[in-house]
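Residue numbers (the numbering used here): -18 to 359.
The C-beta atom is built at its ideal place from N, Cα and C for all residues, glycine as well.
Remember, it's a predicted structure, so these values are computed and weren't measured experimentally.
In what follows, a structure is listed as structure tokens, so that the remarks can point back to it.
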């Protein structure tokens, strides 16, 4: 029995998506919505990252020197991780190696991107004059911002699916999204609380089957993590580089573990109710414990800032020499005494008005809550 009026009852619905994964053609080249979503993700992520690195005293040249290699490592890691978790690994990939690099057909796993990019950043950081832990902080800040936009490409493709809410195709109302591109909202009380229905024949998803909106769950988990991380993006690296990186890994692992309970496009493994990504999430979350220990034992405060940037190119001796110079300058500036110069009597302005001699200040008993002072005559 409901105590709410009928007008307050929740509206249940599904969303019809009729969008060709190919946005347009440039001659023989097909430009996919998935690729455009990644362009937006990289652009927004880089704008946030460059603003962050400049506050850390890191030059743009240092960022670009490592970014392209990290992006390549992330792409390779994301694709390989996607491939190895496919149930048809042998038939579709090992026996047909060309499919391993066919990223245009969709299929990038973000856990793999994290592992691949972080590995590259860890080894290249000293060469570009940045602390290893700090560069990992910047890398996950880029990831936390960019991955939200990348999920919109998954929505268009239909390559991330929740569990099917019907085993047979449904009939949508006539006239709803007859041509591509189109997205429509259709009220239907038989769907609780929401579903995606793909109607474009080029979609990766089976058409006219309602699915739980798994990409929306991914975006929600990413937004929750970003809301926690955003106010800490300057505080944690300033306190101790590496803490921000470990916190991101822990939050992303928790989000993936929860979200994959609603993903129907990946099978469970090892006779458990968990999928491979969930086992990876458990492993990554547990990995955060020794990583935190390493950060606390090996990380050191970053001595550079926008006012005192990293010397680039690095001086002789590399990053360690730059560290030593920055710390020495910081110690000198802290120990430097403040000298207050007294003006000489001859420098004081002379006045023709004689000075007035005042008696000493004498407090009287407070009256009415106020302390009254009296300056009597000499």
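Take the alpha-carbon of residue 280 and the one of residue 5: they are about 48 Å apart.
The C-alpha of residue 267 lies about 43 Å from the C-alpha of residue 169. Our two residues, residue 37 and residue 265, have alpha carbons roughly 28 Å apart in a direct line.
Residue state for residue 244 is assigned as strand, using DSSP reduced to three classes. For the pair residue 143 and residue 181, the Cα-to-Cα distance works out to about 18 Å.
For residue 163, the three-state secondary structure derived from DSSP is strand. Counting along the chain, the unbroken beta strand (DSSP E) around residue -1 starts and ends at -6 to -1. In terms of Cα proximity to residue 107, the closest of 291, 165, 247, 94 is 291. Residue 223 holds the alpha-carbon nearest to the alpha-carbon of residue 273 among 223, 289, 310. Distance check between residue 293 and each of 110, 92, 102, 218 places 110 closest, using alpha-carbon atoms only. Under DSSP, residue 179 shares a beta bridge with -2. Burial state of residue 121 is buried, judged by a 10 Å Cβ sphere holding 16 or more other Cβ atoms.
If you look at residue 272, you'll find it in the alpha helix (DSSP H) that goes 257 to 279. Counting only the Cα atoms, residue -6 lies some 5 Å from residue 175. The Cβ atoms of residue 296 and residue 302 sit closer than 7 Å to each other. With respect to residue 119, residue 19 sits apart: the two C-beta atoms are not nearer than 7 Å. Taking 7 Å as the cut-off, the Cβ atoms of residue 162 and residue 0 count as close. Taking a C-beta distance under 7 Å as the contact criterion, residue 151 and residue -3 do not qualify as a contact pair. By the CB criterion at 7 Å, residue 240 and residue 202 fall inside the cutoff. Residue 139 carries a coil assignment under DSSP once its states are collapsed to helix, strand and coil. Judged by DSSP secondary structure, residue 200 falls within the alpha helix (DSSP H) whose first and last residues are 195 to 210. For residue 52, same chain residues with a beta-carbon under 8 Å away, outside a window of 5 residues either side, are 23, 98 in chain order.
In the structure shown, residue 249 falls within a strand segment according to DSSP collapsed to helix, strand and coil. Short of 7 Å from the beta carbon of residue 127, and not among the five residues preceding or following it, lie these beta carbons of its own chain, in chain order: 22, 23, 25, 26. For residue 289, the CB contacts under 7 Å within the same chain, skipping 5 residues up- and downstream, are 38, 307 in chain order. In this structure, the alpha-carbon of residue 177 lies about 10 Å from that of residue 188. Scanning the stretch 0 to 82 from its first residue to its last, the whole beta strand (DSSP E) runs of 3-plus residues come out as 3 to 7, 10 to 13. In the DSSP assignment, residue 191 forms a beta bridge with 178. In the displayed model, residue 145 falls within a strand according to three-state DSSP.
By a beta-carbon distance limit of 8 Å, residue 192 contacts residue 145. Their separation comes to about 6 Å. The residues 4, 134, in chain order, have a CB closer than 8 Å to that of residue 17 in the same chain once the five nearest residues on each side in sequence are set aside.
Per DSSP, the continuous alpha helix (DSSP H) segment holding residue 218 begins and ends at 216 to 220. Exposed is the label assigned to residue 310, since fewer than 16 other Cβ atoms lie within 10 Å of its Cβ. Between the C-alpha atoms of residue 261 and residue 155 there is a straight-line separation of about 44 Å. For residue 90 against residue 123, the beta-carbon gap comes to about 17 Å, at or over 8 Å, which does not count as contact. Here residue 171 carries a coil assignment [DSSP, helix/strand/coil].
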